[in-house]
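*Asks:* Protein chains in written order, with my numbering: chain A, 4 to 351; chain B, 4 to 351; chain C, 4 to 351; chain D, 4 to 351.
Positions of the beta carbon are idealized from the N, C-alpha and C atoms, including for glycine.
Here's a structure for you.
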């Protein structure tokens, strides 16, 4: 046996094309290049050509291509990661399906439920499973352990889910709609993930606002969800705490409760002046960097295994559910009434 | 100076008459007899004469009297503690006011808002302050520290209050109305206590129920309150957890959050089999016994100081507020709509 | 039955004489006057007459007496509380025994083991039990729960005890000997309390010191104790932390471990700037005020019950043990060797 | 640009040879094959040929070689991971140095200080840095955060370090020497890691043992270390707790304390029967699997970067220090005296 022969036996790295290399996309390129086993970035597209070239320079073997279409079609692209602006996700995801290439699309799947449903139908029509949606929390270690505990029946039947989503601050221009589509969307997917059923109605509850909120933003905000089996979900969104990034989930079940997110820091200190405690992560990146790593690795591993979508990954259907629930939540922002989620039938 | 002279200088114990010596009343008699400084039980009434005599036997100097009216009027009764069934509270409290005697009345103040308002008016008409209402949590060390933190501005302006009230189990026959009048009533008063303003509306939210709930009881149940300044309060009531008695409160403010009730047990153990943790108190008595002690002591001290009502004690007006909010909550049980709390004007 | 007859049935308050009303003694006078059920202060002595009169003015029925001897002998003194400087404790305790009066003596029982043993012998010779020693931690709720857990066998056989004793700061002039006699003495008694056997040897371990220690003080300091059954106790003393007052105890047993003192504050807050946590009490008084209350109440109750010494109270023998172990610890300060504790036989 | 050209630009995977594929080695092969970016296993040796072939079958491109010497010399081996039994580590590590190949050697570096020092000298003589030692805790997230906190001066000058090392159980035949060489060795390296100076003396303290200890094992055991700057380290080793695997470290500094290892589980549950808490990991693998991943990745990245040894990795010198301290600890097992650590000079 010679080294040359050995080399031929080796599994070839999955060649990933990345569309959109702003902050999130550039992070993914770095991740794949440095940490994701069995994959490399082979092609990059961004509407800012210079940005694409800068990012490509840090990813050996990656070339810049002129358009998303060209990238999706390229021979050296085995799979596509979409981190372009949300308004392009629908068309790019469908193009991947048409090209027969697995795709990991950052949320949202589309800008509205109808467009998201188009992706669902396109994938269904293809007869294959291609689409993973980037709800990375499903790959967070805490989320995974809570999911394990629920599947093991440790708390019996879930009846109430209490979620909290807190940011230190948001930029000016962050609106109530951003609160729904950028923040609440994660808990909306978490409902599907933890309960195996989506929200079927949503009601917005508006408390008095913090003096630190940008003009026009209602902060904090509560969303109240219900599911078909009768689970009630409270979601507290508070994005100008001044403190840091925090995500907590409590499941109240018929045989116990389970909580994640209480232990915020690994090192507990006690300091002069008479305080004890720890620090809160500044933003979502330190909190969820390991989840992004795990998500992309699981996606690559699933493609290598021929299933294309990792076991606990969000799918096109989950993306459609999130779009439909967000749409109902946005309607509820004005009326503050409970709004039913409108859903098309799930393709068999 | 002789010992005899000294004896005459000594403050005389406050002589308390106790109406109703079921479990709660008997606890109070024992408390006053063994632990409350500056007070003793001088008279006891109960509609079961034998019970009254048994309890009186354990309280040196206490005699059994034939009726609540006689007890309230008795010369050797300086102040009255009402632990009779709720339907008698209105009349007995008013009789105490008429007799010019300070009274500590266990909740509820009356069976409905109108009756409670009668007590408010009677006290107001007397030109004096006589009525303390037994919301003992105001004297719990955790509650007191959270109140202190709020008054010191440690979390800025409160915007959201999250309450949890959990019991291991409730007896058969416990209904949704009991959930409101026996359980939620404590958080309803806590709203007034922590925020210095009562709930102005209440909405019932009914999740699916635990299989351990008695027939006809919705358990868990969420109540959603609002206050005039716009604070939103979520109250999770869950009374068949199987685990134990737990009360948690989180205040979400514009400059931080503060939480009580997370540290359930003083001793943390680690045990064979790979678990760590502590125990949850079985019922409200171990959890709040020190609060009852502090409440009764503060009442006795306030009478000695001539103010009749301790600084942080609930008053007749607080009792009326609780009755009015409970009334709205009960109306909301059927409709599950947000019900406005109807309030009479507060006497000047 | 007339009120007069009733009055005669009432138990008379225990009349306590207090010797020494510096800060600690004045606290006890206030405690007994305001909070201890069934007792009042009847006589006060202090070598500063003016101080005695100031304190007596706040305690109705208390007169100032000219000497400890007169106080102990006074008819209106049923029991004695000794809070004078330590060098007088031996003689005053023995005088109480000779007078046949129960006495609660603040630590130390005496200034050296021989003097402490004199008290033990005097009490033994009297044929009665008179002496309680003021190790108040035995009446702290956490200590009591840990003792309960040990007695219930929750951790099996204790093998290691880890203690921590931390202060925010100590005054100039605080020496290594103070570290032993003022700080470590509490853990030395805790060994007897938790393990039902005293330390039989002690070794001093001196780490590098904090730059915040007064000249000549070794801070932090470790003491290593052993007991007859082979339990090893580590005691970390650190009295210039700058943070606050903290006491922790962990028992390592053959079937689990149990810890107290980890949960420092009741209210957990999260604050701008990205921190979470709580506060540490400034000194021992907020930490142990409830323990002092419970200690004095238990002493008064024990006298009323005719046993003179509360069930879990430290006794003269415990005071002798503490003196003997402190003596060995002081010897070890110089040699840093393990020093055997020298004990006289316990009177049968 | 053609895909072929691109392929030539790609960094080639580091080809790792693994010596010894028992449980630990097989774990590493799986790790490198599935998770380590930029590396693959190219050669495997084990004295049990069948085992080697089984493991190689799961690692594409790995061939079985006949001897450690052949593996170290093989062209297709760029770097070596040694997981053979400890008695072979010295010779194999030196062979790697002689071959000019980076090596990651599981602890111990050698069976005694003299042999370990041979490796230090061999590497020094080579004029290059080749040897990383597998103290994986240095790559644990908690350890890293505590190290960061110390380097940032968050607790001032460290004065005391308290370590705990607990296992659920150990097999029959586990002796006091195993306690030193298998368990304490990790804390011995942690001293160097956290304090940037090794232990200079060690004293064994033997408490009474648990009834669950195998015959002849002293369990629990305390080791007391000192460093040149005067830091005192207590290390509690307890390996038959029945509970699970636990590692805790507290640093006591002149401006605060910092603790890791208190938060044992991510999910906190509350369960029927009145308990709350979480689970303790069964053994070291779930606790430290992420640390092993990070360690091997950092090693591979360091080789790619040309430094051969990751920034926080243990080195040959650290391995020698651990051997010298373990040797002193073993001597102390008999005498229970403080034994000075004997150290050769560190090569410049």
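Could you pull the DSSP bridge partners for residue 229/B from this structure?
*Replies:* Looking at the DSSP assignment, residue 229/B forms a beta bridge with 204/B, 235/B.
*Asks:* Distance cutoff 8 Å, beta carbons only. Does residue 244/B sit that close to anything in chain C?
*Replies:* Not closer than 8 Å to any Cβ of chain C, the Cβ of residue 244/B fails to qualify, so no.
*Asks:* Among residues of its own chain, excluding the 5 on either side of residue 146/C, which ones have a beta-carbon nearer than 6 Å to its beta-carbon?
*Replies:* Only 140 meet the Cβ criterion.
*Asks:* Please list, in chain order, the chain A residues whose beta carbon lies closer than 8 Å to that of residue 40/D.
*Replies:* Result: 37, 38, 39, 40.
*Asks:* Between the alpha carbons of residue 150/B and residue 15/C, how many angstroms are there, rounded?
*Replies:* About 38 Å.
*Asks:* So what does residue 166/B bridge to, in DSSP terms?
*Replies:* DSSP output for residue 166/B lists 238/B, 252/B as bridge partner(s).
*Asks:* Does any CB atom of chain A fall closer than 8 Å to the CB of residue 255/B?
*Replies:* Yes - at least one Cβ of chain A is within 8 Å of the one on residue 255/B.
*Asks:* Does DSSP put residue 220/B in a helix, in a strand, or in coil?
*Replies:* The answer is coil: DSSP assigns residue 220/B none of H, G, I, E or B.
*Asks:* Mind reading off the beta-carbon distance from residue 318/C to residue 107/C? Whole number of angstroms is fine, and I expect it under 8 Å.
*Replies:* The pair is not a contact, with the Cβ atoms about 11 Å apart (cut-off 8 Å).
*Asks:* What is the C-beta distance between residue 206/C and residue 340/C, in whole angstroms, given that I count them as a contact (C-beta under 8 Å)?
*Replies:* Yes, residue 206/C and residue 340/C are in contact; Cβ-Cβ is about 7 Å, under 8 Å.
*Asks:* Pairing CB atoms from the segment 22 to 37 of chain A with CB atoms from the segment 74 to 91 of chain A, are three or more of them under 8 Å?
*Replies:* Judged by Cβ distances under 8 Å, the segment 22 to 37 of chain A makes contact with the segment 74 to 91 of chain A, as three or more pairs qualify.
*Asks:* Flag this pair as touching only if the segment 279 to 292 of chain C and the segment 241 to 250 of chain D have three or more C-beta atom pairs under 8 Å; answer yes or no.
*Replies:* Because the criterion of three Cβ pairs below 8 Å is not met, the segment 279 to 292 of chain C and the segment 241 to 250 of chain D do not touch.
*Asks:* Taking all protein chains shown into account, decide if residue 61/D is buried (16 or more other Cβ within 10 angstroms of its Cβ) or exposed.
*Replies:* Classification for residue 61/D: exposed.
*Asks:* Since residue 332/A contacts residue 226/A with CB under 8 Å, what's their CB separation in whole angstroms?
*Replies:* That belief holds up - the Cβ atoms of residue 332/A and residue 226/A are roughly 6 Å apart, short of 8 Å.
*Asks:* At a Cβ threshold of 8 Å, is residue 6/D touching chain C?
*Replies:* Unreliable placement is indicated for residue 6/D, whose pLDDT of 42 sits below 50; no coordinate value is reported for it.
*Asks:* Please state whether the Cβ-Cβ distance between residue 59/C and residue 66/C is less than 8 Å.
*Replies:* Against a cut-off of 8 Å, the Cβ pair of residue 66/C and residue 59/C comes out as a contact.
*Asks:* Answer with yes or no whether the minimum CB distance from residue 63/C to chain B is below 8 Å.
*Replies:* For residue 63/C, the answer is yes, since a Cβ of chain B falls inside 8 Å of its Cβ.
*Asks:* According to DSSP, simplified to helix, strand and coil, what is residue 149/A?
*Replies:* If DSSP states are grouped into helix, strand and coil, residue 149/A belongs with the helices.
*Asks:* Between which two residues does the alpha helix (DSSP H) harbouring residue 244/C extend?
*Replies:* Segment: none, residue 244/C is in no alpha helix (DSSP H) and carries neither H nor E.
*Asks:* For the segment 156 to 176 of chain C and the segment 288 to 306 of chain C, state whether three or more C-beta atom pairs, one from each stretch, are separated by less than 8 Å.
*Replies:* Judged by Cβ distances under 8 Å, the segment 156 to 176 of chain C makes no contact with the segment 288 to 306 of chain C, as fewer than three pairs qualify.
*Asks:* So if I threshold CB-CB distances at 7 Å, which residues from the segment 81 to 104 of chain A count as touching chain B?
*Replies:* Per Cβ criterion, the list is empty.
*Asks:* Within the same chain, show all residues whose beta-carbon is closer than 8 Å to that of residue 80/D, passing over the 5 residues directly before and after it, in chain order.
*Replies:* Only 18, 19, 20, 45, 46, 74, 104 meet the Cβ criterion.
*Asks:* Would you mind working out which of 125/B, 93/B, 129/B sits nearest residue 118/B, comparing C-alpha positions?
*Replies:* Answer by Cα proximity: 93/B.
*Asks:* Using the Cα positions of residue 194/D and residue 201/D, report the straight-line distance between them to the nearest angstrom.
*Replies:* Going by the C-alpha atoms only, they are around 6 Å apart.
*Asks:* Using the DSSP secondary-structure output, state which residues sit across from residue 29/A in a beta bridge.
*Replies:* BP columns for residue 29/A are empty, so no partner.
*Asks:* Any idea which residues DSSP pairs residue 48/B with across the strands?
*Replies:* Paired residues: 22/B.
*Asks:* For the alpha helix (DSSP H) holding residue 322/B, just list the boundary residues, first then last.
*Replies:* Start and end: 319 to 338.
*Asks:* Using CA atoms only, rank isn't needed, just tell me which of 346/D, 203/D, 126/D, 157/D is closest to residue 233/D.
*Replies:* For residue 233/D, the nearest C-alpha among the options comes from 203/D.
*Asks:* Does any CB atom of chain B fall closer than 8 Å to the CB of residue 311/A?
*Replies:* Not an interface residue.
*Asks:* Leaving out the 5 sequence neighbours to the left and right, which residues in its chain are closer than 8 Å to residue 342/C when beta-carbon positions are compared?
*Replies:* 204, 205, 206, 331, 332, 334, 335, listed in sequence order.
*Asks:* What first and last residue would you give for the beta strand (DSSP E) that runs through residue 129/C?
*Replies:* First-last for residue 129/C: 116 to 129, but that is the alpha helix (DSSP H), not the beta strand (DSSP E).
*Asks:* Find out if the Cβ-Cβ distance for the pair residue 71/D, residue 90/D is shorter than 8 Å.
*Replies:* It is not a contact, given that the beta carbons lie outside the stated cut-off.
*Asks:* Taking 8 Å as the CB-CB limit, is residue 14/A close to chain D?
*Replies:* At least one chain D Cβ lies under 8 Å of residue 14/A.
*Asks:* Under 8 Å Cβ-Cβ, which residues of chain C neighbour residue 43/B?
*Replies:* Correct list: 13.
*Asks:* To which residues of the same chain is residue 186/A closer than 8 Å at the C-beta, ignoring the five residues directly before and after it?
*Replies:* These residues qualify, in order along the chain: 168, 170, 240, 242.
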